[in-house]
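>
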Amino acid sequence: MLELSHKKLQVYQFALQLVKEIDLHTQAYPKEEQFVLVSQLRRAAISVCSNLAEGAARNSKVEKKRFYEISRSSLVEVDTQIETSLILEYLKKDKILKLEEYLESIFRMLSNIIANLESGSKK
Numbered sequence: 001m002l003e004l005s006h007k008k009l010q011v012y013q014f015a016l017q018l019v020k021e022i023d024l025h026t027q028a029y030p031k032e033e034q035f036v037l038v039s040q041l042r043r044a045a046i047s048v049c050s051n052l053a054e055g056a057a058r059n060s061k062v063e064k065k066r067f068y069e070i071s072r073s074s075l076v077e078v079d080t081q082i083e084t085s086l087i088l089e090y091l092k093k094d095k096i097l098k099l100e101e102y103l104e105s106i107f108r109m110l111s112n113i114i115a116n117l118e119s120g121s122k123k
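Written out as structure tokens, the structure reads:
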């Protein structure tokens with residue numbers, strides 16, 4: 001595999017772990033959700049990683065920021081789908097603590113990266 005810059009980002013490593021956690025938790029969802037909520041949740045989690053990678057590969061701050069914002073929006077989508085899963089009782093609140101930690105950490109890190117790009121800091 002290539003040694004690309006996004007792989008060195010802690011936020012990217014956390015996002016990969018989020019994908020793994022989502023996969024583990026969604027394996028127990030009802031069969032009828034496999035092509036609905038499970039698919040949507042997994043794709044949104046993967047989108048967090050993909051847009052982080054694409055943003056890291058961009059040269060301009062404007063483009064980097066745009067992809068990091070898309071990544072953060074995908075993370076919000078994941079959060080919404082987890083909340084939906086809790087309401088539908090596919091997940092139990094006490095079983096998703098690690099998942100919530102990843103969501104909060106990734107959101108905070110992405111927000112900091114975006115703020116630094118907005119203020120003109122080089123990241």
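No gaps in the numbering here: position 111 of the sequence shown is 111 in UniProt numbering, and each next residue is one more. Think of the CB as a built atom: it goes at the ideal place given N, C-alpha and C, for glycine as much as any other residue.
Applying the criterion that 16 or more other CB atoms from any shown protein chain within 10 Å of the CB defines a buried residue, is Ile82 buried or exposed?
It is buried - the Cβ of Ile82 has at least 16 other Cβ atoms within 10 Å.
> Following the continuous alpha helix (DSSP H) through Val76, name the residue where it begins and the one where it ends.
Element bounds for Val76: 61–87.
> Would DSSP call Val36 helix, strand or coil?
Coil at Val36, not helix or strand.
> Does DSSP put residue 142 in a helix, in a strand, or in coil?
Outside the modelled stretch of the chain, which goes from 1 to 123, sits residue 142, for which no answer is possible.
> If you draw a straight line from the alpha carbon of Val78 to that of Gln27, how long is it in whole angstroms?
Their backbone Cα atoms lie some 16 Å apart in a straight line.
> Within 10 angstroms of its Cβ, does Lys122 collect 16 or more other Cβ (buried), or is it exposed?
Note on Lys122: pLDDT 49, under 50, position unreliable in the model; the coordinate value appears next. The residue is exposed, with fewer than 16 neighbouring Cβ atoms inside 10 Å.
> In whole angstroms, give me the CA-to-CA distance for Lys93 and Leu4.
The alpha-carbon atoms of Lys93 and Leu4 are separated by roughly 36 Å.
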